[in-house]
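Peer 1: Per the working numbering: the sequence shown ends with 412, consecutive numbering throughout.
Yeah, the Cβ is synthetic: ideal placement off N, Cα and C, and Gly gets one too.
I'd like to ask you about the structure that follows.
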Amino acid sequence: MLLFGVRAWPGIFIGAFLANHSTTGTVATSVVIAAGNTLEAVVGCYLVERYAGGRRAFETAQNVLKFAILAAMASTMLSATIGATSLTLGGFASWKQFDTTWVNWWMGDASGDLIVAPMLVLWSSDFRIHWGMGKGLEAAALLTSLYLAQQVVFEGLFRQNINHYPLEFLIFPLLIWVAFRFSPREAATVIFLMAGIAVWDTLRGLGPFVRESQNASLILLQSYADVTGVMTLAVTALVLERQRAEQRLSQMAGTDPVTGLGNYRRLMETLNTELLRSERTGQPKSLLMLDLDGLKAINDRHGHLTGTRALCRVAEAMRETCRAIDIAARYGGDEFALILVDTGKAQAQLVARRILERVAGDGGQPPITVSLGVAVYPQDGSSAEALLAAADRRLYAMKAQGGGKVGSVV
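See below:
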């Protein structure tokens with residue numbers, strides 16, 4: 003229902019009715035059980051959409067825990083209560099077994115929400131695999147390790163020497179592995195595979211979850227799988243949150259807060275990186291230095307807020323003119339820089355003229371102009387400092403001639 007919305011309830015009701023009618027054999031009991039299953043799905047979907055982020059519930063640890071409480075624990079109680087009561091009233095179970103029937107029903111539905119639902123939701127959101135060869139090999143190593151762990155825990159590999167050890171905990175390092183190295187989608191898949199292997203082997207009488215009855219064995223296994231599944235998804239979400247926070251901090255560290263362009267730090271890092279790349283490939287690089295003409299006069303006459311807006315107007319003109327692969331940055335004060343990747347002198351001069359035209363014709367008040375200078379690698383230097391100095395000299399030469407003239411670009 004998280005995938006298709008509440009409008010999918012008729013399909014859930016019909017499917018639940020047919021499944022239960024094939025086992026109970028009575029229409030009345032099957033209708034009541036199907037109604038309980040549908041009510042569970044509707045209530046669970048509402049609670050998750052309202053309080054746990056809906057389909058994005060597995061992107062934060064807080065929402066993972068909310069999903070576990072609201073969907074797997076709370077809404078499933080409705081179906082368990084209605085189902086156990088209907089079976090008892092229909093004569094399929096005795097009142098003495100009501101608590102056992104209720105717990106079995108509740109645990110089964112909770113396991114479906116915690117083991118199966120996350121994998122379906124996450125894969126439906128993005129079914130594409132964006133791995134390189136290295137990530138693919140790591141995934142293969144993870145699956146191989148999961149198979150070996152299954153052999154040790156359930157099939158008795160080395161059992162003669164370590165029979166008394168709590169082998170079910172061997173799976174924990176693999177869950178930590180997938181949490182730190184993969185996305186919630188892969189984590190949910192590993193949880194599903196782990197649970198599937200455990201159920202299959204437990205039903206065959208293998209592994210640490212086998213008890214005196216099959217029902218007791220499955221209850222113990224479900225408890226283990228549900229808890230480890232929730233914790234794995236929560237840890238994976240925590241890692242994802244940390245990565246997003248680090249990306250935001252990295253972006254903030256390289257962004258000018260006034261204009262939204264790159265700052266001096268990002269400019270120098272990118273310029274040095276591009277120069278190293280040009281040394282290997284032989285491709286040219288161009289650097290534009292820009293200076294907003296008369297910023298002090300704008301501040302004195304119109305106020306500093308207008309001066310700040312003038313800086314943003316220059317930044318916007320640069321963004322509109324350059325390509326996605328180019329790097330625009332605020333050099334400091336009223337100066338800007340633009341790195342033109344794989345661009346020679348003629349193309350750089352064309353870009354410079356376009357910037358001058360955009361700034362002069364942006365329609366903002368007061369009218370503004372910029373002076374600029376162009377430097378090209380390797381003609382004007384092979385280091386960042388040399389290119390900056392060359393572009394700066396030409397910028398001030400243009401400013402000395404009046405600045406802001408399209409025809410004066412050199």
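Are the beta-carbon atoms belonging to Leu2 and Leu205 less than 8 Å from one another?
Peer 2: Absent from the model: residue 2. The displayed extent of the chain is 3 to 412, so no value can be given.
Peer 1: Let's test the definition: count the other Cβ atoms within 10 Å of the Cβ of Asp128 and tell me whether it reaches 16, buried, or not, exposed.
Peer 2: exposed
Peer 1: For Phe194, which residues in the same chain have their Cβ closer than 7 Å to its Cβ, ignoring the five residues on either side in sequence?
Peer 2: Excluding sequence neighbours, Phe194 sits near Ile117, Val118, Met121.
Peer 1: Tell me the DSSP secondary structure of Arg332 in three-state form.
Peer 2: strand
Peer 1: Looking at the secondary structure, which residues open and close the beta strand (DSSP E) in which Glu214 lies?
Peer 2: No beta strand (DSSP E) holds Glu214; DSSP gives it neither H nor E.
Peer 1: Which same chain residues end up closer than 7 Å to Met270 when comparing Cβ atoms and leaving out the 5 residues on each side of it in sequence?
Peer 2: The answer, listed in chain order, is Ala386.
Peer 1: Candidates Thr261, Pro186, Leu297, Asn22: which alpha carbon is nearest Leu89's?
Peer 2: Asn22
Peer 1: Taking all protein chains shown into account, do 16 or more other C-beta atoms lie within 10 angstroms of the C-beta of Ala402, making it buried, or fewer, making it exposed?
Peer 2: exposed
Peer 1: In chain order, what residues of the same chain have a beta carbon less than 7 Å from the beta carbon of Asn417, not counting five sequence neighbours either side?
Peer 2: A query on residue 417 cannot be resolved here, the shown segment of the chain reaching from 3 to 412 and no further.
Peer 1: Going straight from the alpha carbon of Ala299 to that of Ala392, what length do you get?
Peer 2: 27 Å
Peer 1: As an exercise, report each continuous alpha helix (DSSP H) stretch of at least 4 residues that is fully enclosed by the stretch 174-258, in chain order.
Peer 2: 174-183, 186-205, 216-255
Peer 1: For Leu67, which residues of its own chain have a beta-carbon under 8 Å away from its beta-carbon, when the five flanking residues on both sides are left out?
Peer 2: Val232, Ala236
Peer 1: Threshold first: 4 residues or longer. Then list the alpha helix (DSSP H) segments lying entirely within the stretch 306-391, N to C.
Peer 2: List check, alpha helix (DSSP H) in window: 306-323, 347-362.
Peer 1: Assign Thr146 to buried or exposed, taking buried as 16 or more other Cβ atoms, counted over all protein chains shown, within 10 Å of its Cβ.
Peer 2: Thr146 counts as exposed, since fewer than 16 other C-beta atoms from the protein chains shown sit within 10 angstroms of its C-beta.
Peer 1: Would you mind reading off the limits of the alpha helix (DSSP H) that contains Lys298?
Peer 2: 297-304
Peer 1: Checking 8 Å against the spacing of the C-beta atoms, do Ile341 and Thr272 come in under that value?
Peer 2: yes
Peer 1: Taking 8 Å as the cut-off, decide whether the C-beta atoms of Met196 and Leu240 are in contact.
Peer 2: Not a contact, by the Cβ cut-off of 8 Å.
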